[in-house]
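Some notes on the structure that comes next.
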Amino acid sequence: MTDTARQEVAETRLVDPVEQRPSFDRTESKIAVAGHPIHAMLVAFPIALTTCTLGADLLYWWTGDIFWARAALWASGAGFLFGVLAGIAGTVELLMVPGIRARSASWTHFIIAVMLLSILGANWGYRLTGFEQAVLPYGLLLSLFAVGFTGFTGWHGGKLVFEYQIGVSSTGS
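Residue numbers (the numbering used here): 109 to 281.
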């Protein structure tokens, strides 16, 4: 490749304005209570409850105590329902705030979160007809998948907050 061709390639590279300016557009939360984003307030619940479901499944496997199978049923149901609420708040933010919509990382987080909600819903639905029989092996497997997807989703959500300052107020000290 000649020097002229290399220069032409360098000049035709796409420039991502989001990467050049992390403060691209305004990204403050539109769905907030007293300046605190509702999505950020809600996501802690499905994260914790998904982890509790896995813990209860493992304890049921270890002890055989029906309490843990019932606890996993309740934790998976509550985790799914809180996940839906957090998902609604996050989706509204995604659609209402142009600075969030403009970032591909937002869409990655959204798609992985929808996949996570599908796993959480399947996990809960599978347990509804017979929570004790549902734990081994498929309930435990779904719980492991859910915890893995929770970590993956959280990683991308954290990337939005820490790298792009999504949902972070630009006012204050």
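Note that CB positions come from ideal geometry on N, CA and C, so glycine has one too.
Along the alpha helix (DSSP H) that carries residue i, what are the first and last residues, could you check?
i: G247; result: Run containing G247: none; DSSP gives neither H nor E here.
i: G275; result: Per DSSP, G275 belongs to no alpha helix (DSSP H) and is neither H nor E.
i: V200; result: 174–204
Do residue i and residue j have their CB atoms nearer than 7 Å?
i: I227; j: A183; result: no
i: G233; j: T135; result: no
i: F218; j: L202; result: yes
i: A177; j: V243; result: yes
i: D165; j: A179; result: no
i: G229; j: F257; result: no
Taking the straight line between their C-alpha atoms, what separation do you get for residue i and residue j?
i: V269; j: T110; result: 42 Å
i: A142; j: T171; result: 45 Å
i: V276; j: I139; result: 12 Å
i: R158; j: S251; result: A small fix is needed here, since residue 158 is Thr in this sequence, not Arg. Cα-Cα distance, rounded: 7 Å.
i: N231; j: C160; result: 13 Å
i: F153; j: L167; result: 21 Å
If you count every other CB in all the chains shown that lies within 10 Å of the CB of residue i, and 16 or more means buried, which is it?
i: F175; result: exposed
i: L249; result: exposed
i: E271; result: exposed
- Query: Hey, is the region 228–238 in contact with the region 142–149, meaning 3+ C-beta pairs nearer than 8 Å?
  - Reply: Using a Cβ-Cβ distance cut-off of 8 Å, the region 228–238 and the region 142–149 are not in contact, since fewer than three pairs of beta carbons, one from each stretch, lie closer than that value.
- Query: Counting Cβ pairs, one atom from each stretch, are 3 or more of them under 8 Å apart for the region 182–200 and the region 221–235?
  - Reply: yes
- Specify whether the region 200–218 and the region 263–272 touch according to this definition: at least 3 beta carbon pairs, one from each stretch, less than 8 Å apart. Segments in contact, yes.
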